[in-house]
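Below is one structure, written out as structure tokens; comments come after it.
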Amino acid sequence: MRAHVHLSAAQAILLSFAAMITVGTALLALPMASRSGVSVGWLDALFTATSANCVTGLVVVTTASHWTRFGQLVILALIQLGGIGFITVVTGGLIVLRRRISLRQRLTIQTSFNQANIGGMVKLVGRVLRYTLLIEGVGAVGLTLAFWRDYPLGRAAWYGVFHAISAFCNAGFDVLGANSLAPYRDDPLVTGIIMLLIVLGGLGFTVLTELRNLVRPNPRRWDKRLRHLSLHTKLVLVTTAGLLVGGTLLFALLEWHNPATLGAASAGHKWWASAFESVTLRTAGFFSIDQGGLSDISKLAASALMFIGGSPASTAGGIKTVSLAVMAVAVLAAIRGSNRLTVFRRQLPLAALQKALAITGTLAGLIAVAVLILHFTEPGSSALDLLFEATSATGTVGLTTGLTPSLSAAGKLVITLCMFIGRLSPLTLAVALTGRMAANPDLLAYPDETIISG
22 MRAHVHLSAA
32 QAILLSFAAM
42 ITVGTALLAL
52 PMASRSGVSV
62 GWLDALFTAT
72 SANCVTGLVV
82 VTTASHWTRF
92 GQLVILALIQ
102 LGGIGFITVV
112 TGGLIVLRRR
122 ISLRQRLTIQ
132 TSFNQANIGG
142 MVKLVGRVLR
152 YTLLIEGVGA
162 VGLTLAFWRD
172 YPLGRAAWYG
182 VFHAISAFCN
192 AGFDVLGANS
202 LAPYRDDPLV
212 TGIIMLLIVL
222 GGLGFTVLTE
232 LRNLVRPNPR
242 RWDKRLRHLS
252 LHTKLVLVTT
262 AGLLVGGTLL
272 FALLEWHNPA
282 TLGAASAGHK
292 WWASAFESVT
302 LRTAGFFSID
312 QGGLSDISKL
322 AASALMFIGG
332 SPASTAGGIK
342 TVSLAVMAVA
352 VLAAIRGSNR
362 LTVFRRQLPL
372 AALQKALAIT
382 GTLAGLIAVA
392 VLILHFTEPG
402 SSALDLLFEA
412 TSATGTVGLT
422 TGLTPSLSAA
432 GKLVITLCMF
442 IGRLSPLTLA
452 VALTGRMAAN
462 PDLLAYPDET
472 IISG
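Mind the numbering: the sequence shown is residues 22 to 475 in our numbering, read in order.
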């Protein structure tokens with residue numbers, strides 16, 4: 022008799038990422054993947070494959086100078102598959118072949134994109150693939166034209182495609198050199214397109230669908246269409262806008278006179294570089310200013326933004342904007358003395374707050390443990406740089422103050438694990454390892470008792 026192994030949705034997602042990273046590691050370890058013709062070694066190959074597939078962007082070797090075109094193509098494939106999900110791509114292929122999508126596959130898609138209902142999963146996959154191809158395609162054309170000013174058309178096209186995919190997937194890998202987008206810091210065309218791709222990739226496919234419906238021809242007045250946006254989309258848009266504007270103002274304030282970052286630039290270029298920094302910290306990983314030159318308070322602020330990350334059902338990492346919004350609503354409710362979480366004339370369920378707190382707590386705990394271990398594996402590094410590195414890895418951001426290339430073997434393994442867990446989320450990993458979801462709390466109820474807090 023043939024034994025059938027039934028995997029839960031979380032286990033399927035875990036194994037799909039593990040399989041992609043394993044294959045990517047094997048391919049990047051081949052001598053033909055390195056320009057020197059010598060294998061980079063399994064550890065650096067594993068680190069790079071994990072960083073690419075978990076759309077992080079931390080690198081121990083310079084992508085542009087170390088990897089051959091074959092190696093760069095492997096990295097690009099890992100970014101694309103990791104950004105939208107291997108399961109999404111496979112399901113898309115089954116749809117094209119007109120094959121039936123099983124209930125188990127629909128459950129996996131639902132878990133992968135953190136959807137509340139299982140209905141409409143096939144349509145969701147179709148939208149994800151269409152939006153990805155459209156946005157990355159338009160971005161690639163725009164970047165190709167921008168790079169064509171400095172490079173031959175063939176190289177400009179390669180740069181355009183690579184950076185469009187990397188930006189939309191919030192990966193942060195680049196093939197320009199060790200300085201990422203620093204040479205284009207004052208170029209609004211290149212950095213502007215990159216910022217737009219990062220933001221669109223970080224909003225989430227659910228929000229992109231509603232925004233598409235918002236701009237389509239409709240007899241309803243504009244204000245009425247805005248009111249019909251879902252609560253999720255409203256929270257994402259408001260929180261994202263607040264973080265982007267707030268981050269820009271904060272970095273301009275903190276770095277305005279810093280000679281290592283913005284000090285020598287004109288006022289306009291300072292504002293533009295601050296805006297780019299605010300955007301890229303939302304789990305993208307490109308940089309136009311030296312992160313190692315940031316002041317200590319700026320590194321702390323950057324760590325906070327990296328911890329928050331992008332939005333649910335997107336290519337971004339972090340605790341997500343909606344989690345931040347839900348916790349903010351809970352704080353305001355406590356200040357008002359209310360036990361109801363209300364926002365935009367809607368009441369949030371208690372489960373939303375519980376999940377937000379669980380995600381925040383587990384991610385913060387992971388970062389704390391990582392910093393503690395790195396303190397022993399990377400002697401001589403400051404606690405703030407270790408915090409920055411661990412938060413960048415766990416939030417799948419990809420920015421570094423310069424610590425990544427000099428990591429010890431143990432440090433590389435710690436950061437690799439952080440990137441992997443951060444991409445899956447600690448909760449998904451816990452469900453995958455235990456093989457079951459939490460029991461239904463309504464089956465058993467205990468009496469209430471008051472405690473003293475605060």
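For each residue, glycine too, the CB sits at the ideal point set by N, CA and C. Treat the numbers as computed from the prediction; the structure is a model and nothing was measured.
Where the alpha helix (DSSP H) through Gln312 begins and ends:
It is not in any alpha helix (DSSP H) - Gln312 carries neither H nor E in the DSSP assignment.
Work out the CA separation of Pro173 and Leu264 for me, nearest whole Å.
Going from the Cα of Leu264 to the Cα of Pro173 covers about 38 angstroms.
On a Cα-Cα basis, can you pick out the residue from Phe297, Ala337, Ile156 and Ser427 that is closest to Glu399?
Residue nearest to Glu399 within the set Phe297, Ala337, Ile156 and Ser427 is Ser427 (criterion: CA-CA distance).
Using C-beta distances below 7 angstroms, list every residue in its chain close to Asp171, excluding the 5 sequence neighbours before and after it, in chain order.
Cβ neighbours of Asp171 beyond the five flanking positions: none.
Segments assigned beta strand (DSSP E), at least 3 residues, entirely inside the region 312-392
Segments of the beta strand (DSSP E) lying fully in the region 312-392: 362-364 and 367-369.
Give the DSSP bridge partners of Trp88, in chain order.
For Trp88, the beta-bridge partners assigned by DSSP are Ser55.
Could you compute how far the alpha carbon of Leu384 sits from the alpha carbon of Ser446?
Straight across, the Cα-Cα distance linking Leu384 with Ser446 is about 8 angstroms.
So, Met440 versus Thr77, is the Cβ gap smaller than 7 angstroms?
By the CB criterion at 7 angstroms, Met440 and Thr77 fall inside the cutoff.
Could you check the C-alpha separation between Gly289 and Phe297 for me, to the nearest Å?
Between Gly289 and Phe297, the C-alpha separation is close to 13 angstroms.
Near Ser60, which residues of its chain fall below 6 angstroms by C-beta distance, leaving aside the five closest residues on each side in sequence?
Ala50 and Pro52, listed in sequence order.
Short Cβ contact (7 angstroms threshold) for Gly113 with Val159
Their beta carbons are not under 7 angstroms apart, which means Gly113 does not touch Val159 by this criterion.
Determine the direct distance from the alpha carbon of Thr412 to that of Asp469, and round the result to whole angstroms.
Answer to the nearest angstrom: the Cα atoms are 37 angstroms apart.
Trp169, DSSP secondary structure in three states
Collapsing the DSSP output to three states places Trp169 in coil.
Determine the contact status of Phe307 and Leu202, defining contact as a CB-CB distance below 7 angstroms.
Yes, the pair counts as a contact, with Cβ atoms nearer than the cut-off.
Cβ of Ala322 within 7 angstroms of Cβ of Ser295?
Not a contact, by the Cβ cut-off of 7 angstroms.
CB Glu231 to CB Ile186, shorter than 7 angstroms?
It is not a contact, given that the beta carbons lie outside the stated cut-off.
Can you give me the start and stop residues for the alpha helix (DSSP H) that His253 sits inside?
Counting along the chain, the unbroken alpha helix (DSSP H) around His253 starts and ends at Leu252 to Glu276.
Could you please give the first and the last residue of the uninterrupted alpha helix (DSSP H) stretch that includes Gly45?
Bounds of the alpha helix (DSSP H) holding Gly45 are Ala30 to Leu49.
Distance between beta carbons of Asn191 and Ala262, contact taken as under 8 angstroms
The Cβ separation is near 18 angstroms, so there is no contact.
Count the other CB atoms within 10 Å of the CB of His396; is the residue buried (16 or more) or exposed (fewer)?
Looking at its Cβ environment, which holds fewer than 16 other Cβ atoms inside 10 Å, His396 is exposed.
Within its chain, find whatever has a CB closer than 7 angstroms to the CB of Ala281; leave out the 5 residues flanking it on each side and keep chain order.
Excluding positions up to five away in sequence, the list reads Asp311 and Gly314.
Look at the alpha carbon of Leu438 and the alpha carbon of Thr71, and state the distance between them as a whole number of angstroms.
Cα to Cα, Leu438 sits roughly 9 angstroms from Thr71.
Whole-Å CB distance - Ser335 paired with Gly222, under 8 angstroms assumed
Confirmed, Cβ separation roughly 6 angstroms.
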